[in-house]
Amino acid sequence: MYIKSVTIDGFKSYAQRTVITGFDPLFNAITGLNGSGKSNILDAICFLLGITNLSHVRASNLQDLVYKNGQAGITKAAVSITFDNSNKEQSPMGMEAHNEITITRQIVIGGRNKYLINGVNAQNSRVSDLFRSVGLNVNNPHFLIMQGRVTKVMNMKPPEILSMIEEATGTSMYESKKDSAQKMIEKKENKLAQINQTLNEEITPTLQKLRDERASYLEYQKVQREVERLTRLLIAYQFMIAENTANNASGDLDALKAEKEQIEQQVQHLKEKFEEMTKEIQNLEHALDSEAGVTLKELENNLGDSEKAEAKAQSDLTNQRNDVNAEKKKLKNLQKSKAECEATNVAKNKSLAKLEEKFNKAENESKKHSDAYTESQNHFQAVSTGLAKAHDGIEASWNSQLLNVKKEISEFQSELKKTDMRLKHANKELKPKQSQLKNTESSYKRDESVLKQAQQVHDNIQKKIDKLDYEDGKKEELIQEKRNLTHTISQLRHRTQDLYNKFPALKFDYRDPERNWDRSRVKGLVAELIDVNDISAATALEVVAGGRLYNVVVDTHETGEKLLKHGQLKRRCTIIPINKVAARSLDKQVVQRAKSIVGADNVNLALSLVGGDTDIEKALEYVFGTTLVCNTMQNANKVAFDPNVKARTVTLAGELFDPSGTLTGGSRSQASPVLAELQKLKSSREELKQKEKDFVGLEKEIVRVSSVAEQFYELNNQIRLKKREIEDLQARLNDGSHGRLLAEIKSLESTINECNQLLNTSNETLANLHERAEELQRKIENAPAERARELKEAESEMKRAGALAEKSQLVAETIKEELSTLRLEMQELTQESSEYDEQIKSAEESISQAQERYLAVKEKSDAATELVKTSKLNLKRHRDHIQVVNRDIQERTKAKATVHQEALQWTRKNQEQESAIDKHIQESKDASDKVSNMLEEHDWIKNDRVQFGKTGSAYDFSSNPPKEAARRLEKLQETQERLSRSVNMRAMSLLGKAEEKYNELVKKKRIVENDKAKIHRTIEELDQMKNEAVTKAYVQVNKNFSTIFSALLPGATAKLAPPEGGSVLAGLEFHVGFGDVWKTNLNELSGGQRSLVALSLILAMLLLKPAPIYILDEVDAALDLSHTQNIGGMLREHFKHSQFIVVSLKDGMFNNANVLFRTKFVDGVSTVNRYAQSITSTARNPLSNLPLSTASTNQQQRSRKQAQV
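If you read the sequence shown in UniProt numbering, its first letter stands for residue 1, the second for the next number, and so on.
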């Protein structure tokens, strides 16, 4: 495909319609002066090809393309090009049927831009795709080499060079399509996100909700069908019972009347027998009263008087015995207190001795430090006056001290001589006494052995006492504690009994129904079993419980039956068997609703206000589980009649609100609530139980301690005797002859040791004295310096001694105060001990007097006891006689009572029979009416009547028990009511629509995902194909590039190579070689050489995938004539399958063209002339009628003929 003609009308400098024909299929050149319009021809071609970057055609907007911007009366610009399409191999897609293709583009100022293909309007994209399909992409053109393109190629980076090869391979259209596909993927991803969001946030939650509602609706329908079935079953059962009752009424009534006549006859017979037995008993009682009434009363009076006298005597005797015991205990306590007082006094004495010793020591220390301070002051004053302190502390001059030391030396030597004499005398006395000591040693050792044995026995006894773990007087303390606890238990029993007597209704007595009966099976009354958590709610809880407060709780219904049959209960009672009771508690949601109405603190479930053992929980639910407790009437009214609560409600004051519409209240007793008093009774019982438990433990402890106390007193007595024995033995050892000799020998040995010690230290002492004498002699010789040093030491010593004196004086005063306090305490203890002596003496006298009174009272008590025995014997004899008569009367009375009881039973039977007859008559009438009414109300009964009670039918009462069906119906009706408030009746239809919408969205989502995956796979495959095509193109372009460059610049070569360390797909760069030297930096070449490198690459690109048309705009501008001539020749040789349109100002270029178009600018308008330059061109172009020329280039220039186009 190549250009045959170009028509330009109103485009840039071409104001008039200009038709340029006769284009050579191979090489065309356009030349002319600058500004004559030669480049405008190329701009017109580019404009038609659909260029979008108007800067490439030297315009800023489309209006600039119109002649003089539309200001010369021309407002439209149009370009039309006719292409030869006879070569079908180069034909655009879809245009193979046309031998010629005429494409027109028009622009109108202020109007629209339009394309025409063969005279038919076409869209921009269609025209663009048409040109792209043959490699004429004007927006990324490799076929268009405009002014400056060579320079641009020289400055390209490796990726830009690679993009040129990609464009040459035709992959640019793929890249644009790939970008469109990527944008489509993004749109599909957005669509997917939108679909997912719609599914997750709208459809799925709606589906789940509708499914739940459908489940609820299906359950509601199921419950509704079951309610209808059970309702029919119960109606059928009621109808059958009523019908049977009406049918059997007459026969049953005759039987009841006959039975009534027999009962009346039996009642009359028993009444007559009862009257006869009454008369017989009256006769016996009259005889007994006249015979024994007076005597029995006298005997009973005598016995009563004697018992009172005995009781008084026993009471007096007990009081006297208690008095004696009390006085003895008092005496013992006084003795114990005195012993403790004395022990404390002894301890205080020891403390006093230690404290006095401590005080003496502190006082001596204080005096010592005070004397030292005084002495240091004196010494300081003496040193200040020129004296010095001698060895003995006396202030004197050094000369006097020297004389004294010499005197001491003389006296010490004299003392040594005396000591030596004393030592000899002691040694002389010691030997005879040691001989005498041996003679008495045997008896001394014997006494010493006896003392050791006694001491060992004493220690053993002390160890036994320590092991007993008993304190003196502990038993008496426990006994006193027992008396106190006995008194407390007695008071608690009276108090508990008084509280119990206030509630006679709590008395529940029964006899064991069977042998080995476990009484724990009977739990007790509800009132006794509960604990009231909040005493302020006691009144409300009483109202809640009502009569059930005194119901008896048992473990099973069998226990209840045994109690009723064999327990001989003394009053009627209601029994609550835990295993069978129908316990029910309000639902938590109902309670929570009530709390939300009036506040959590203003209402509570009654069950939550009581407590009890876990095994009676069901009983507590039965009594308290269905009632609420509110603080005020207003709150109770709100809660009770709320449609979501509807529960019995009681106020703290006892007013009852029933949701059925009744209110109960009014004035109540001002007495304390029963449950509050029962809590006191329970607390009293628990306290009594604990005290009794403590009493048992105390008795055990007393028994244990009693045996230990006896051992303690016995051992204590033994150790006291053993101490006295040890003291006697110790005295005998010390006062005997052996003891005296031993003391004298010890004294002599002490003297000998003392003398020896003095003699042993004599040499050291003499040396010290001589040293002092020498020191004093030295000080006398160095008097001034020694005096100054001693004055400083004396002042330092005085300060130290003063601090010590003050500190020791403060310690002594503190100990003195403690000593005074201790002495006062000992005086008080001594006085207290004297008072105990007087009290002990008084207690002993009281004991003696109390024992005398006890003996006197005991005699009276014995006499009264004897009198009571005699009175009892006489009364017994008389009573035995009366008892024989009474036994006969009792037997007759018992028989009479039996007859009377039997008569009452038959009378009750008669009354029951009358009631049964009346009831039967009424029931028969009611049954007949009921049958008629049911037949009128329920038409289906007539049709289904034959199925009633039939086995296997819908009305089989054996497989569907009516009682169980009634319970199930009640529960199902509650469920139906609950579901009817929340079920969505439109759930089924809404769910179908929602699922249809959901499935449609899921289907769309799947389609979008599949399309997205296909696009990704296609892009990956095409990317791989593109890379293979680019690599293949690189090899071919590199080969052509080297060949063309060598042709343009003989002796040199060039190639394209990837950057170091990279691949071809990362980019390409120029390498130019001159001989064996390769240059990678084009800056090292001349300007012409660089232009040839760029032009060689451009031309090599053109050979890769030849486009049908190539346009070159002054690409030889920077080259000299020889290079330009080479380019022209190279184009003729290498590009024989494409049409070239070259704009050039150099002869070396356009002289090689087959057709030359020369432009001129005449009267402000561009014109074009055509010149044919070669036979080849004329031969291939049948449109050309110009003469051919075979002369040289210079001859051709002279002989060319002008042809006006």
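Ideal Cβ placement from N, Cα and C applies to all residues, glycine included.
Remember, predicted model here, so these are calculated numbers, not experimental data.
**OP:** Would you be able to state if there are at least three C-beta pairs under 8 angstroms between the segment 17-35 and the segment 67-75?
**Re:** no
Subject >> Cα-Cα separation between residue 1214 and residue 420, rounded to whole angstroms >> reply: Past the boundaries of the shown model lies residue 1214; the chain is included only from 1 to 1205, so the question cannot be answered.
**OP:** Flag this pair as yes or no: are the beta carbons of residue 263 and residue 690 separated by less than 7 angstroms?
**Re:** For the purposes of this step, residue 263 is taken as the residue at position 263 of the sequence shown. For the purposes of this step, residue 690 is taken as the residue at position 690 of the sequence shown. No, these two residues do not count as a Cβ contact at 7 angstroms.
Subject >> Through-space distance from residue 606 to residue 657, alpha-carbon basis >> reply: Taking the first residue of the sequence shown as 1, we reach residue 657 at position 657. Taking the first residue of the sequence shown as 1, we reach residue 606 at position 606. Residue 657 and residue 606: Cα-Cα distance of roughly 14 angstroms.
Original post:
Is there contact between the segment 619-628 and the segment 570-588, where contact requires at least three CB pairs shorter than 8 angstroms?
Top reply: yes
Original post:
Considering only C-alpha positions, which residue in the set 1034, 862, 568 is nearest to residue 512?
Top reply: Residue numbering aside, residue 512 sits at position 512 when the sequence shown is read from its first letter. That would be 568, whose Cα lies nearest to the Cα of residue 512.
**OP:** Measure the C-alpha to C-alpha separation of residue 373 and residue 726 and round it to an integer number of angstroms.
**Re:** Position 373 of the sequence shown, counting from 1, holds the residue named residue 373. Position 726 of the sequence shown, counting from 1, holds the residue named residue 726. Distance between the alpha carbons of residue 373 and residue 726: 51 angstroms.
**OP:** Could you spell out the range, first to last residue, of the alpha helix (DSSP H) harbouring residue 43?
**Re:** Here residue 43 refers to the residue found at position 43 of the sequence shown. Segment 38-49, the alpha helix (DSSP H) holding residue 43.
Original post:
For residue 1099, which residues of its own chain have a beta-carbon under 6 angstroms away from its beta-carbon, when the five flanking residues on both sides are left out?
Top reply: Start at 1 with the first residue of the sequence shown, and residue 1099 comes out as number 1099. Only 1044 meet the Cβ criterion.
**OP:** Count the other CB atoms, across all protein chains shown, that sit within 10 Å of the CB of residue 432; report buried if there are 16 or more and exposed otherwise.
**Re:** Here residue 432 is taken as the residue at index 432 of the sequence shown, counted from 1. Exposed, since its Cβ has fewer than 16 Cβ neighbours within 10 Å.
Subject >> Residue span of the beta strand (DSSP E) that contains residue 571, given as start and end >> reply: Within the sequence shown, the letter at position 571 stands for residue 571. Counting along the chain, residue 571 falls outside any beta strand (DSSP E), and DSSP gives it neither H nor E.
**OP:** May I ask you to verify whether the segment 142-153 touches the segment 105-116, counting CB pairs closer than 8 angstroms and requiring at least 3?
**Re:** no
Subject >> residue 1139 - containing beta strand (DSSP E), residue span >> reply: Mapped onto the sequence shown, residue 1139 falls at position 1139. Residues 1139-1143.
Original post:
When you compare each of 1171, 771, 1161, 570 to residue 406 by their alpha carbons, which one comes out closest?
Top reply: Position 406 of the sequence shown, counted from the start, is the residue given in the question as residue 406. Of the listed residues, the one whose Cα sits closest to residue 406 is 771.
Original post:
Helix, strand or coil: how does DSSP classify residue 622 here?
Top reply: As a working mapping, residue 622 is identified with position 622 in the sequence shown. Residue 622 falls in the helix class under three-state DSSP.
Original post:
Alpha carbon to alpha carbon, what distance is there between residue 84 and residue 1082?
Top reply: Locating residue 1082 in the sequence shown gives position 1082, where the first residue counts as 1. Locating residue 84 in the sequence shown gives position 84, where the first residue counts as 1. Rounded to whole angstroms, residue 1082 to residue 84 spans 41 angstroms at the Cα level.
Original post:
Assuming residue 2 and residue 1109 make a contact with CB atoms under 8 angstroms, what is their CB distance in whole Å?
Top reply: In the sequence shown, counting from the first residue as 1, residue 2 sits at position 2. In the sequence shown, counting from the first residue as 1, residue 1109 sits at position 1109. Right, the Cβ-Cβ distance comes to about 6 angstroms (below 8 angstroms), so this counts as a contact.
Original post:
So what does DSSP say about residue 1135, is it helix, strand or coil?
Top reply: Taking the sequence shown and counting its residues from 1, one reaches residue 1135 at position 1135. Three-state DSSP puts residue 1135 in coil, outside helix and strand.
Original post:
For residue 1241, which residues from the same chain have a beta carbon less than 6 angstroms from its beta carbon, with the 5 sequence-adjacent residues on both sides left out?
Top reply: Any property of residue 1241 remains undetermined from this structure, which presents the chain solely from 1 to 1205.
Original post:
Under the three-state reduction of DSSP, which class applies to residue 1046: helix, strand or coil?
Top reply: Here the question's residue 1046 lines up with position 1046 in the sequence shown. Reduced to three states, the DSSP call for residue 1046 is helix.
Original post:
The beta strand (DSSP E) spanning residue 1113 covers which residue range?
Top reply: Within the sequence shown, numbered from 1, the residue matching residue 1113 stands at position 1113. Unbroken beta strand (DSSP E) run through residue 1113: 1109-1113.
Subject >> residue 1180 to residue 1170 span [Cα, whole Å] >> reply: Your numbering for residue 1180 matches position 1180 in the sequence shown. Your numbering for residue 1170 matches position 1170 in the sequence shown. Legend: pLDDT at residue 1180 = 37, less than 50; position of this residue unreliable, no value from coordinates given.
Original post:
Taking DSSP as the reference, what is the three-state secondary structure of residue 58?
Top reply: Numbered from its first residue, the sequence shown carries residue 58 at position 58. Note: residue 58 maps to coil in three-state DSSP.
Original post:
Is the beta carbon of residue 532 sitting closer than 7 angstroms to the one on residue 551?
Top reply: As a working note, residue 532 is residue 532 in the sequence shown. As a working note, residue 551 is residue 551 in the sequence shown. No; because the gap between Cβ atoms is not below 7 angstroms, this pair is not in contact.
**OP:** Spatial neighbours of residue 636 within its chain, please: CB distance less than 6 angstroms, with the 5 preceding and 5 following residues excluded, ordered by chain position.
**Re:** Within the sequence shown, residue 636 is the residue found at index 636, counting from 1. Same-chain partners within the cutoff: 630, 649, 651, 657.
Subject >> Residue closest to residue 890, alpha-carbon to alpha-carbon, out of 266, 655, 280 >> reply: Position 890 of the sequence shown, counted from the first residue, corresponds to residue 890. The candidate whose alpha carbon is nearest that of residue 890 is 280.
Subject >> Sub-7 angstroms separation of residue 366 and residue 808 beta-carbons >> reply: For this step, residue 366 is matched to residue 366 along the sequence shown. For this step, residue 808 is matched to residue 808 along the sequence shown. Result yes, Cβ atoms of residue 366 and residue 808 sit closer than 7 angstroms.
Original post:
Are the segment 1121-1128 and the segment 1138-1157 touching, with three or more C-beta to C-beta distances below 8 angstroms?
Top reply: yes
Original post:
In chain order, what residues of the same chain have a beta carbon less than 8 angstroms from the beta carbon of residue 478, not counting five sequence neighbours either side?
Top reply: Here the question's residue 478 lines up with position 478 in the sequence shown. Result list for residue 478: 698, 701, 702, 705, in chain order.
Original post:
Residue range of the beta strand (DSSP E) that residue 32 falls in?
Top reply: For the purposes of this step, residue 32 is taken as residue 32 along the sequence shown, with counting starting at 1. 27-32 is the span of the beta strand (DSSP E), which, as asked, contains residue 32.
Original post:
Taking the alpha helix (DSSP H) that residue 152 falls in, what are its first and last residues?
Top reply: Taking the sequence shown and counting its residues from 1, the one referred to as residue 152 is at position 152. Counting along the chain, the alpha helix (DSSP H) containing residue 152 begins and ends at 149-154.
Original post:
For residue 814, which of 69, 468, 363, 663 has the nearest alpha-carbon?
Top reply: Counted from its first residue, the sequence shown places residue 814 at position 814. With distances taken between Cα atoms, residue 814 lies closest to 363.
Original post:
If we call anything under 7 angstroms between Cβ atoms a contact, is residue 54 one with residue 81?
Top reply: As a first step, residue 54 is located in the sequence shown; it is residue number 54 there, counting from the start. As a first step, residue 81 is located in the sequence shown; it is residue number 81 there, counting from the start. Result no, Cβ atoms of residue 54 and residue 81 do not sit closer than 7 angstroms.
Original post:
Helix, strand or coil for residue 520 per DSSP?
Top reply: Within the sequence shown, numbered from 1, the residue matching residue 520 stands at position 520. Residue 520: helix per DSSP, three-state reduction.
Subject >> Alpha carbon of residue 344 to alpha carbon of residue 354, nearest angstrom >> reply: On the sequence shown, residue 344 is found 344 positions in, with the first residue counted as 1. On the sequence shown, residue 354 is found 354 positions in, with the first residue counted as 1. Those two C-alpha atoms are separated by around 15 angstroms.
Original post:
Can you give the beta carbon distance from residue 594 to residue 639, rounded, assuming they're within the 8 angstroms contact cut?
Top reply: Position 594 of the sequence shown, counted from the start, is the residue given in the question as residue 594. Position 639 of the sequence shown, counted from the start, is the residue given in the question as residue 639. For a cut-off of 8 angstroms, the C-beta gap from residue 594 to residue 639 is around 5 angstroms, short enough to register as a contact.
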